[in-house]
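Residue numbers (the working numbering): -14 to 487.
Scroll down for the structure; my scribbles are underneath it.
This is the structure in structure tokens:
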């Protein structure tokens, strides 16, 4: 996107909005909402030999005997790639990535068709495991090792939950060419126990891909969540009916199936001199009986950023600039957010005026003293509101479609589906409240900026204006910019080239 939006956005959030309520929370305010059942994150001082014994190093949660080649130890299979940046769920916890590798020696028991190495939690018992009851969410991040690439002409099982009688996998997270299916080989795929595809996403290089799978053992449903890099997890699927019965255990690692056979466990082709690996990070299992928790800062705390279906339109606006999902917008969050939307350097620097003006009103919910870091406290942003708004948001900050339509139609007198600059000026004059000069200023700035950004052929079109109100605009623009430069040609942003960064 092009520049100038945050100023308009925060004007619309504060000058044109009623009340936010308390839907945003800092992590420290809600404790133990999502206790960790099994934690597979690796401390920074861990050594590979820790994995060879139960509770090795005083921390190893994995079973040292399973599931791996018969004549190799875990310290020979695993790597600690110290040079890699930690995953989203490792960085705040101070933990490090872990690489699982397979070789010619990766033959478990008498399964000569497979090459496999799968980590299992020691306390994840085959029957009666706390990980196979209630509602649980399995978190893991994956980074491809380009020096040990997977051969995607084969089928890979990477993360799965196998039933206690070993007859099925209730969930299967896979890559490669699935035997007997026609799915793309270069995607991560989530399948149910019947090998039905539930969801997939392209495999990306040089970036962490973050996944969460919520297993509701009470209702027999599966739901997927996904993000990339440092981004917060977002809904990938709604809960999908799936048979999760049969107890069992989780495995995280690599199981490579052979080609050229119908008896994949015992026969088939595997190339020799095998050296493949996959880097995992942020592996843990949470109890989600109180709702989904993505715990970007540390496990055991409710995510301060509710899922999209629980956010008001106004909260969705602010969510974009809450960079680390902690309920607080720092000045650098403002700057980075502008740059990601395509703002130029000078305008992005100028946007730092926003926290200067908005920090203290939101600070009043915590202290009478100003915040020396000029942070904006999201859950108290309503303290900076004023009354000269359009009335299209209800008390909780939800967009009222009827009021929006009424407002737009009232000033779209020719019925063209767009508003001219004169129409917006009349709208601004109508909304001014007495003794609210600050509100008049904010609202004027909002409508002027909206017109500059959205006008085409002298009109601000209804769909574009609605996107500003309902909070979908910023994520859409950011996603389009990441995919290509094509967003420079989007119809909605007049004068974009004047403000744009290269």
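Note that the Cβ used here is the ideal one computed from N, Cα and C, for glycine as well.
Because the structure is a prediction, the values reported are computed rather than measured.
Note to self: Under 8 Å: do the region 96 to 106 and the region 46 to 62 share three or more Cβ pairs, one atom per stretch?
What the structure shows: yes
Checklist line | Paired residues, beta bridge with residue 535 - DSSP | finding: Residue 535 is absent from the structure shown; the chain starts at -14 and stops at 487.
Check: What is the residue span of the beta strand (DSSP E) that residue 187 lies within?
Finding: 182 to 187
Notebook entry, point to check: To which residues of the same chain is residue 113 closer than 8 Å at the C-beta, ignoring the five residues directly before and after it?
Noted result: 232
Note to self: Along the chain, where does the alpha helix (DSSP H) containing residue 391 start, and where does it finish?
What the structure shows: 386 to 396
Checklist line | Segment limits, beta strand (DSSP E) that includes residue 141 | finding: 140 to 147
Margin query: Do residue 269 and residue 25 have their beta-carbon atoms positioned less than 9 Å apart in this structure?
Written below: yes
Notebook entry, point to check: What does DSSP give as the partner residues of residue 436 in its beta bridges?
Noted result: The partner list for residue 436 (beta bridge, DSSP) is empty, contrary to what the question assumes.
Item checked: First and last residue of the uninterrupted alpha helix (DSSP H) at residue 317 -> 316 to 325
Item checked: Complete runs of the alpha helix (DSSP H) confined to the region 157 to 245 [at least 4 residues] -> none
Note to self: Using a Cβ-Cβ cutoff of less than 7 Å, which residues in the same chain neighbour residue 116 once the five nearest sequence positions on both sides are dropped?
What the structure shows: 22, 23, 109, 235, 270
Checklist line | Residue of 385, 127, 27, 250 minimising C-alpha distance to residue 187 | finding: 127
Checklist line | Among 249, 244, 250, 266, nearest to residue 256 - alpha-carbon criterion | finding: 244
Margin query: I need the DSSP call for residue 154, collapsed to helix, strand or coil.
Written below: strand
Next item on the list: Could you check what DSSP says for residue 42 in three-state terms: helix, strand or coil?
Entry: helix
Notebook entry, point to check: Over what stretch of residues does the beta strand (DSSP E) that includes residue 103 continue unbroken?
Noted result: 100 to 104
Margin query: Please report the distance separating the alpha-carbon of residue 203 from that of residue 125.
Written below: 23 Å
Checklist line | Residues bridged to residue 260 [DSSP beta-bridge criterion] | finding: 88
Notebook entry, point to check: So, are the CB atoms of residue 174 and residue 159 less than 9 Å apart?
Noted result: yes
Item checked: Proximity winner among 409, 447, 122, relative to residue 403 (alpha-carbon distances) -> 447
Notebook entry, point to check: Is it buried or exposed for residue 400, if we count other Cβ within 10 angstroms and need 16 for buried?
Noted result: exposed
Notebook entry, point to check: If residue 363 sits next to residue 314, beta carbons under 8 Å apart, how far is it from one beta carbon to the other, in whole angstroms?
Noted result: 6 Å
Item checked: Range of the contiguous alpha helix (DSSP H) that encloses residue 342 -> 338 to 348
Note to self: Could you tell me the alpha carbon to alpha carbon distance between residue 415 and residue 394, rounded to whole angstroms?
What the structure shows: 14 Å
Check: In or out: residue -10 buried (at least 16 other Cβ within 10 Å) or exposed?
Finding: For residue -10, the predicted model reports a pLDDT of 42, less than 50, meaning its position is unreliable; a value from the coordinates is still stated below. So residue -10 counts as buried.
Notebook entry, point to check: Quick one: is residue 143 buried, meaning 16 or more other Cβ sit within 10 Å of its Cβ, or exposed?
Noted result: buried
Next item on the list: Would you check if the distance between the CB atom of residue 134 and the CB atom of residue 266 is smaller than 9 Å?
Entry: no
Check: Whose C-beta lies closer than 6 Å to the C-beta of residue 57 among residues of the same chain, with five residues either side of it excluded?
Finding: 90
Item checked: Alpha carbon of residue 48 to alpha carbon of residue 225, nearest angstrom -> 31 Å
Note to self: Going by the DSSP bridge assignment, what does residue 333 pair with across the sheet?
What the structure shows: According to DSSP, residue 333 bridges with nothing at all.
Next item on the list: Look up residue 285 in the DSSP assignment and say whether it is helix, strand or coil.
Entry: With a pLDDT of 36 at residue 285, under the threshold of 50, the predicted position of this residue should be treated as unreliable, though the coordinate-derived value follows. In the structure shown, residue 285 sits in coil (DSSP, three-state: anything other than H, G, I, E or B).
Item checked: Beta-bridge pairing of residue 24 - partner residues as DSSP gives them -> 269
Margin query: Assuming contact is defined by CB atoms lying nearer than 9 Å, are residue 320 and residue 338 in contact in what I supplied?
Written below: no
Next item on the list: Measure the alpha-carbon distance for residue 353 versus residue 190 and round it to whole angstroms.
Entry: 48 Å
Item checked: Cutoff 8 Å; reference residue 37; Cβ partners in own chain excluding five residues on either side -> 49, 58, 59, 60
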